[in-house]
């Protein structure tokens, strides 16, 4: 008891020191958060040959060093909790308000059985399954996931997941550049989600692997990418449906033109539920197919965690980033699962690696697989039809609002409307939010044009006729 009391007193003293720390810190003041005595610190500094902790930061230019953390004074747990609840109350809860936001992140019902099943000990793990003999449940779940994603995307193989759709898209571009040889240009559709473009642009700018050639913003879904191909085009990136909700016509002609030009075609899917109705990019001739799996894997959660889908043709397998789980037999002839391919720099020499993404979204991938297993093929098709029907009902309702113009001739569960000239969609969305309706994503939020009058709306199985009615009333009042 005496030892426990002494330990508790030591811990209490430690937390009191943390609590009373000043908000303005020098580098040497940071270490009290670590349980080292001044004598131990002095010995460590002497051993590595420096006089003070600040000497460890000499390589950081002086103008980049922070004099202060900029944090407010410390608060008690009660105060922090109270302040956090106050800030959280400012949010408009998507589960309680009519909700029509999409643009790459969708609100679907993920059954409670998914969360319950996923947390069983066979599948829930804290880290990567490096030891197959103790990770058979996790490995089998990922193996089933790969099989499902391959069928869904229409590809020969898929990996064991990536961070999210945008990083998967970027990895596909880098993979295409590796495969293309001397070609360095990547033609990007005007219907690709801007966040995906931004991610790829950052990678390309810093790595110098290639150049991004961006087609004009394609609001109408009528762009002609074939005419923009040239001898230096390594890859073409097309989203299906586009960020504005247009399902492109059959991509087979584009795939044929790309093949003739020696160009790889990359298909992007941000709403996997659409594949229950729309022909997969792989079936239409895409060489690499990537996507975002969030809508089947879990809630929106303020933008994460998400799940990157990645598949490709068999002949490109060796250049596919990430990991591949395979099936084999053990010494007793039993069916077992192992990591078959690992081309990331954590597994092999950096110069031979195909990706610096050093993990996968294993939990989200397992959740995705569980949900898809529960739905089955017929269930996914039914869910897709239901989503489309909800969007059709929403479109009919919105078209009755004076001044609102529908820009889509066809769509899956998302479409774009134009508000009356001179009206900012962003301001209208804010006004609708004050009336308790989350009415969509203004294009200005994605494309950075403050006066943009385009509004992207999505409907899923979660919407009701009452939601549509509330949206139209809020839209009329806000206009």
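In UniProt numbering, the protein residues as written are 1 to 479. Yeah, the Cβ is synthetic: ideal placement off N, Cα and C, and Gly gets one too.
#1: For residue 38 and residue 366, I'd like the C-alpha separation in whole angstroms.
#2: Specify the secondary structure class of residue 410 as computed by DSSP and reduced to three states.
#3: Quick one: give me the first and last residue of the beta strand (DSSP E) that residue 266 is part of.
#4: Which whole-angstrom value is the C-beta distance of residue 357 and residue 81, which I expect to be below 8 Å?
#5: Going by C-alpha to C-alpha distance, which of 165, 73, 249 sits closest to residue 305?
#6: Figure out for me which residue from 440, 416, 415 has the closest Cα to the Cα of residue 427.
#7: CB-CB under 6 Å to residue 201, same chain, minus the five flanking residues each way: which ones, in chain order?
#8: Residue 161 and residue 361: beta carbons closer than 9 Å?
#9: So the beta strand (DSSP E) residue 185 belongs to, where does it begin and stop?
#10: In whole angstroms, give me the CA-to-CA distance for residue 473 and residue 400.
#11: Using 8 Å as the threshold, is the region 384 to 393 in touch with the region 407 to 425, meaning 3 or more CB pairs across them?
#12: Do residue 148 and residue 191 have their C-beta atoms closer together than 9 Å?
#13: Can you give me the start and stop residues for the beta strand (DSSP E) that residue 235 sits inside?
#14: What runs of the alpha helix (DSSP H), each 4 residues or longer, lie entirely inside the region 291 to 370?
#15: Does the beta-carbon distance from residue 407 to residue 219 come in below 9 Å?
#16: Quick one: what's got a C-beta closer than 8 Å to residue 251's C-beta in the same chain, skipping five residues either side?
#17: Less than 9 Å between the beta carbons of residue 458 and residue 181, yes or no?
#18: Per the DSSP calculation, residue 211 is bridged to which residue(s)?
#19: Determine the closest residue to residue 163 out of 294, 223, 100, 373, with distance taken between C-alpha atoms.
#20: Just list the residues that DSSP pairs residue 418 with in beta bridges.
#21: Using DSSP bridges, identify the partner residues of residue 442.
#22: Taking Cβ positions, are residue 391 and residue 469 nearer each other than 9 Å?
#23: Which residues in the same chain have their Cβ closer than 8 Å to the Cβ of residue 262, if we skip the five residues on either side of it in sequence?
#24: Can you round the beta-carbon distance between residue 435 and residue 477 to whole angstroms, since I take them to be within the 8 Å contact cut?
#25: Can you tell me whether residue 52 is buried or exposed, with buried defined as 16 or more other CB within 10 angstroms of its CB?
#26: Could you give the residue range of the alpha helix (DSSP H) that holds residue 118?
#27: Indicate whether residue 323 and residue 309 have their beta-carbon atoms separated by less than 9 Å.
#28: Would you please state the rounded distance, in angstroms, between the beta carbons of residue 106 and residue 351? I believe it to be under 8 Å.
#29: Which two residues bound the contiguous alpha helix (DSSP H) that contains residue 40?
#30: How about residue 288 and residue 313: are their beta carbons less than 9 Å apart?
#31: Which residues mark the beginning and the end of the alpha helix (DSSP H) in which residue 463 is found?
#32: Is the Cβ-Cβ distance between residue 142 and residue 447 less than 9 Å?
#33: Take residue 319 and list the residues in its own chain whose beta-carbon comes closer than 7 Å to its own, dropping the five residues that flank it on each side.
#34: What are the boundary residues of the alpha helix (DSSP H) that includes residue 140?
#35: Helix, strand or coil, according to DSSP, for residue 23 in the structure here?
#36: Between the Cα of residue 471 and those of 188, 429, 461, 120, spot the shortest distance and give me the residue it belongs to.
In this structure, then:
#1: Numbered from 1 along the chain shown, position 38 holds the residue referred to as residue 38. Numbered from 1 along the chain shown, position 366 holds the residue referred to as residue 366. Taking the straight line joining both Cα atoms gives about 47 Å.
#2: As a working mapping, residue 410 is identified with position 410 in the chain shown. Residue state, collapsed to three classes: coil.
#3: What you label residue 266 is simply residue 266 of the chain shown in a count that begins at 1. Per DSSP, residue 266 belongs to the beta strand (DSSP E) from 264 to 269.
#4: Your numbering for residue 357 matches position 357 in the chain shown. Your numbering for residue 81 matches position 81 in the chain shown. Residue 357 to residue 81, Cβ: 36 Å. No contact.
#5: Start at 1 with the first residue of the chain shown, and residue 305 comes out as number 305. Nearest C-alpha to residue 305: 165.
#6: Here residue 427 refers to the residue found at position 427 of the chain shown. Taking only the C-alpha atoms, the option nearest residue 427 is 440.
#7: The residue labelled residue 201 in the question sits at position 201 within the chain shown. These residues qualify, in order along the chain: 212.
#8: Position 161 of the chain shown, counted from the first residue, corresponds to residue 161. Position 361 of the chain shown, counted from the first residue, corresponds to residue 361. Contact: yes.
#9: Stepping through the chain shown from its first residue, residue 185 is reached at position 185. Note, residue 185: beta strand (DSSP E), 185 to 188.
#10: If you number the chain shown from 1, residue 473 lands on position 473. If you number the chain shown from 1, residue 400 lands on position 400. The alpha-carbon atoms of residue 473 and residue 400 are separated by roughly 11 Å.
#11: yes
#12: Translated into positions along the chain shown, residue 148 becomes position 148. Translated into positions along the chain shown, residue 191 becomes position 191. It is not a contact, given that the beta carbons lie outside the stated cut-off.
#13: In the chain shown, the residue the question calls residue 235 occupies position 235. 233 to 239 is the span of the beta strand (DSSP E), which, as asked, contains residue 235.
#14: 294 to 297
#15: The residue labelled residue 407 in the question sits at position 407 within the chain shown. The residue labelled residue 219 in the question sits at position 219 within the chain shown. Their beta carbons are under 9 Å apart, which means residue 407 touches residue 219 by this criterion.
#16: Within the chain shown, numbered from 1, the residue matching residue 251 stands at position 251. Closer than 8 Å at Cβ, skipping near neighbours: 238, 240, 265, 267, 281, 284, 285, 286.
#17: If you number the chain shown from 1, residue 458 lands on position 458. If you number the chain shown from 1, residue 181 lands on position 181. No, they are not a contact pair.
#18: Start at 1 with the first residue of the chain shown, and residue 211 comes out as number 211. Note: residue 211 sits in a beta bridge opposite 185.
#19: Here residue 163 refers to the residue found at position 163 when the chain shown is read from its first residue. Ranking the options by Cα distance to residue 163, first place goes to 294.
#20: Reading the chain shown from its first residue, position 418 is the one you call residue 418. Partner(s): 405, 454.
#21: The residue given as residue 442 occupies position 442 in the chain shown. In DSSP, residue 442 forms a bridge with 455.
#22: In the chain shown, the residue the question calls residue 391 occupies position 391. In the chain shown, the residue the question calls residue 469 occupies position 469. Taking 9 Å as the Cβ cut-off, residue 391 and residue 469 do not qualify as a contacting pair.
#23: Mapped onto the chain shown, residue 262 falls at position 262. The residues are 180, 183.
#24: By 1-based counting over the chain shown, the position of residue 435 is 435. By 1-based counting over the chain shown, the position of residue 477 is 477. So it is a contact: roughly 7 Å between Cβ atoms.
#25: For the purposes of this step, residue 52 is taken as the residue at position 52 of the chain shown. When all chains shown are included, residue 52 counts as exposed.
#26: Within the chain shown, numbered from 1, the residue matching residue 118 stands at position 118. It spans 112 to 118 - the alpha helix (DSSP H) in which residue 118 sits, taken as one unbroken run.
#27: The residue given as residue 323 occupies position 323 in the chain shown. The residue given as residue 309 occupies position 309 in the chain shown. Cβ distance not < 9 Å, so residue 323 and residue 309 don't count as in contact.
#28: The residue given as residue 106 occupies position 106 in the chain shown. The residue given as residue 351 occupies position 351 in the chain shown. Going by Cβ atoms, the distance from residue 106 to residue 351 rounds to 39 Å, so no, they are not a contact pair.
#29: What you label residue 40 is simply residue 40 of the chain shown in a count that begins at 1. 38 to 48 is the extent of the alpha helix (DSSP H) around residue 40.
#30: Position 288 of the chain shown, counted from the first residue, corresponds to residue 288. Position 313 of the chain shown, counted from the first residue, corresponds to residue 313. Yes, they are a contact pair.
#31: Taking the chain shown and counting its residues from 1, the one referred to as residue 463 is at position 463. Run containing residue 463: none; DSSP gives neither H nor E here.
#32: Taking the first residue of the chain shown as 1, we reach residue 142 at position 142. Taking the first residue of the chain shown as 1, we reach residue 447 at position 447. Result no, Cβ atoms of residue 142 and residue 447 do not sit closer than 9 Å.
#33: What you label residue 319 is simply residue 319 of the chain shown in a count that begins at 1. The answer, listed in chain order, is 175, 178, 179, 354.
#34: The residue you call residue 140 lines up with position 140 of the chain shown. 136 to 153 is the span of the alpha helix (DSSP H), which, as asked, contains residue 140.
#35: Position 23 of the chain shown holds residue 23. Any answer about residue 23 is weak, because its pLDDT of 41 lies below 50 and its placement is not dependable; what the coordinates show is given next. Residue 23 falls in the coil class under three-state DSSP.
#36: Locating residue 471 in the chain shown gives position 471, counting from the first residue. Out of 188, 429, 461, 120, 429 has the C-alpha closest to the C-alpha of residue 471.
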